[in-house]
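Trainee: First the structure, then my questions, so here it is.
Residue numbers (the working numbering): 123 to 711.
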C-alpha cells in the first residue's frame, strides 16, 4: 500500500466554522452591489443598498464607488463625509489624499485616517546596541556622531588602515569612550577577516574583547580568525565567551556554543563537547541550535497544535470593528479586502487575543498575517519572561505557516524548500518589493524571471505580473531547480542559498577566494557578504523546521551534523520530477 503524505494543518483547519456576520440575503445583496458598481451601474447598486439589513460594509461600498477609476468622479464633500464616518477603513489613506487634492479653498480639512499600532515582521531577535553615556557638549556630540559615520564609511569602503589610524588618534579618544572604540575595532577586525587577513583580524578582535561584555561580536571574529590560524585553544576560549554573552542574540550565543564544541572536539575534550552542544541546543529555533540537537540525538521540539475556534475566540474576533468587517468580507469571498482590515489590527490587539486571530488567518489562508502575529506573540513572551509552553504551539504554527498557494502546474520542488525560501525572502507577502526591484513571494528580479521563463518577458509593464502568487512560485521553483543543477551548486543546499541570494557569479568568485578548507560551516562564516551568511542560515533553519512540520525527514541536517555538505533530497511523494529520488530515500530511512 502506497504511503500517504501526513495530513497538514491546512487540511485540518477546513473543519473550523467562522462566525457569520451577514445573513444569506445580505451576502447576495452585497455581492450584487459590488458587481453592479464595478460596472458603473450606480442606480441599480443604490436600489440594492436600500434593501440591506446590515450596513457594516457600507464604507467599503462607498469607497469602491468614490475610487472607481473611470465611471465615477467623487466630490470633496463626499470624500470628507466618508472620512468622518470611516477613517478606520483600509481605504482611508487613499481617500484622504484624494480629498486633499479636491478640497476647495476655505473649506475645512477632512478627518485624518486612524493610525494603528505597528507590529514586528521578523522574530529573529536583536543584538544588544550599546549607547555611550560619555558626557560631551552639544557640539562635541555632533562631532562624535560625524566621526562614527566616517569610521563606518571607511570600513564599508575597505579603507581599513586609515580607520585604524583614526581610532588611535587623540580626537577619537576625546570624542568616543573605550567601548565605542572597541566596538569599531571589532567591526574593523571583521572587515580584515572577510578580506582574508586572519592575523590582522585576530590582533584587532582580541584587542576589542577588552569590552566583550558590550561587544560580543569581538569574540566571534577573534574565534573565527583563530580557527583559521589553527589556534584552536584560543578559538575555543573566544567562542565560549560568546556562548554566555548576555548582550547578544540567541542566534549568536548558539553560534558561539556550537563552535566551542567544535573546538573542544579538535582539542580532544569530549566532556566539553557535550557541554557546549547542550548549551547550543537550548536555542532550538536557531541554525546552530538545531544542529546541536541533531548532533546530540535530541528531538526538534516543535509544537504546531492550536486550539480550535470556539465561542470565546469567536467573540474575540467580533470585538473589534475591523475584524468584524473582515469576517463579513470573508463571507463575500473578498479575502484581499479582509486581509487589509486585519493587517491594521496586528499591532493593536491584546496579547491574549492573538491566538483567536491566528485561527482566523490560518483558516482563511493569510500566512503573512499569521507570521506577523506569531512574531509579536513570541516577542511579548520573551520581553515579559513568560513561560513559552502555554502558547508554544500557537507560536510555532504562526511562525511557520503552511501557505495555500501552489505554483502553476503544481510543485516540482519540495514544499519545505519552497516555503523556506518564501519565508526568508518575503515573509509570505505576495506584494513584497525590494529596493532593487525584486517582486513577490520569492522576490524574483524581472530579468531573472524573463530568463527562466524562456520566452516570456517580465520587463516593463509586465513585471507586476510577478506579484501573482501562482506565477511567482512557478518561476521561483523553476529557478531553484535551475540553480540546483548549476555546475557551481550541484545539489548542495549551502551553495544553492548562496547563489539564490548573491548570484551564481558571486558564488564562484567567493569559492575561489575564501579559505574554508572544505569545511561547510567555515564556508558560511567566511563569506564576505553578511546578508548572504544570514540568508543561508535562515533558509536552512526554515527548511529543517518545515520538514518537521510536514512530518518529513531531514537528511541534510544529518549530513551537516556529521560535518558533511548538506544536499537536497526530495521528500514529497507527489513530486513529479523526483519520484525515483523519493523512492530511493524511503529505502534508506
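All residues carry an ideal CB built from backbone N, CA and C; glycine is no exception.
Since this is a predicted model, take the numbers as computed values, not measurements.
Is there contact between the segment 519-538 and the segment 479-495, where contact requires at least three CB pairs shorter than 8 Å?
Mentor: yes
Trainee: Run through DSSP, which three-state label would residue 298 get?
Mentor: coil
Trainee: What do you get for residue 222, buried or exposed, if any count of 16 or more other CB atoms within 10 angstroms of its CB means buried?
Mentor: exposed
Trainee: Count the other CB atoms, across all protein chains shown, that sit within 10 Å of the CB of residue 296; report buried if there are 16 or more and exposed otherwise.
Mentor: Its Cβ having fewer than 16 others within 10 Å, residue 296 is exposed.
Trainee: Apart from the five residues on each side of it in sequence, which residues of its chain come closer than 6 Å, Cβ to Cβ, to residue 488?
Mentor: 461
Trainee: Compute the Euclidean distance between the alpha carbons of residue 206 and residue 148, then round it to the nearest angstrom.
Mentor: 25 Å
Trainee: Does the segment 195-202 come into contact with the segment 163-181, if we say contact requires no fewer than three beta-carbon pairs (one atom in each stretch) closer than 8 Å?
Mentor: Result no; under three Cβ-Cβ pairs closer than 8 Å.
Trainee: Where does residue 635 land, buried or exposed, given buried means 16+ other C-beta within 10 angstroms?
Mentor: exposed
Trainee: What are the complete alpha helix (DSSP H) segments, minimum 4 residues, inside the segment 508-545?
Mentor: 514-521
Trainee: What does the Cβ neighbour count give for residue 370, buried or exposed, with the cut at 16 atoms within 10 Å?
Mentor: Result: buried.
Trainee: Buried or exposed: which applies to residue 236, given that a residue is buried once 16 or more other Cβ atoms fall within 10 Å of its Cβ?
Mentor: That one is exposed.
Trainee: Report the residue ranges of all alpha helix (DSSP H) runs contained in full by the segment 205-267; include only those spanning at least 4 residues, in chain order.
Mentor: 214-224
Trainee: From the DSSP output, in three-state form, read off residue 168 for me.
Mentor: helix
Trainee: Expressed to the nearest angstrom, what Euclidean distance is found between the alpha-carbon atoms of residue 643 and residue 424?
Mentor: 24 Å
Trainee: Buried or exposed: where does residue 328 fall if 16 or more other Cβ atoms within 10 Å of its Cβ makes it buried?
Mentor: Classification of residue 328: buried, given that the 10 Å Cβ count is 16 or more.
Trainee: Just how far apart, CA to CA, sit residue 516 and residue 363?
Mentor: Between residue 516 and residue 363, the C-alpha separation is close to 34 Å.
Trainee: Using beta-carbon positions only, say whether residue 606 and residue 618 come within less than 7 Å of one another.
Mentor: Yes. Within cutoff.
Trainee: In angstroms with no decimal places, state the Cα-to-Cα distance between residue 679 and residue 602.
Mentor: 19 Å
Trainee: To the nearest angstrom, how far is the alpha carbon of residue 421 from that of residue 415?
Mentor: 7 Å
Trainee: Classify residue 663: buried if its beta carbon has 16 or more other beta carbons within 10 angstroms, exposed otherwise.
Mentor: buried
Trainee: Tell me which residue opens and which closes the alpha helix (DSSP H) that residue 284 is part of.
Mentor: 282-290
Trainee: Within 10 angstroms of its Cβ, does residue 694 collect 16 or more other Cβ (buried), or is it exposed?
Mentor: buried
Trainee: Mind the definition here: the segment 385-394 touches the segment 345-360 only if three or more C-beta pairs lie below 8 Å; say whether that holds.
Mentor: yes
Trainee: Would residue 595 and residue 529 be called neighbours here (beta carbons separated by less than 7 Å)?
Mentor: yes
Trainee: Assign residue 334 to one of three DSSP states: helix, strand, or coil.
Mentor: coil
Trainee: Apart from the five residues just before and just after residue 687, which ones in its own chain have a Cβ nearer than 6 Å to its Cβ?
Mentor: Hits under 6 Å: 614 and 642.
Trainee: Would you check if the distance between the CB atom of residue 566 and the CB atom of residue 597 is smaller than 7 Å?
Mentor: yes
Trainee: Which stretch, first to last residue, makes up the alpha helix (DSSP H) that contains residue 659?
Mentor: 652-671
Trainee: By how many angstroms is the C-alpha of residue 476 removed from the C-alpha of residue 499?
Mentor: 7 Å
Trainee: Closer than 8 Å is the cut-off here; do at least three beta carbon pairs connect the segment 446-466 with the segment 211-229?
Mentor: yes
Trainee: Applying the 10 Å Cβ sphere with the 16-neighbour rule, what's the burial state of residue 547?
Mentor: It is buried - the Cβ of residue 547 has at least 16 other Cβ atoms within 10 Å.
Trainee: So which of 292, 650, 321 and 336 has the shortest CA-CA distance to residue 349?
Mentor: 321
Trainee: Contact defined as beta carbons within less than 8 Å: I believe residue 599 pairs with residue 535. What is the distance between those atoms, to the nearest angstrom?
Mentor: 4 Å
Trainee: Sort out for me which residues DSSP pairs residue 555 with in a bridge.
Mentor: 561
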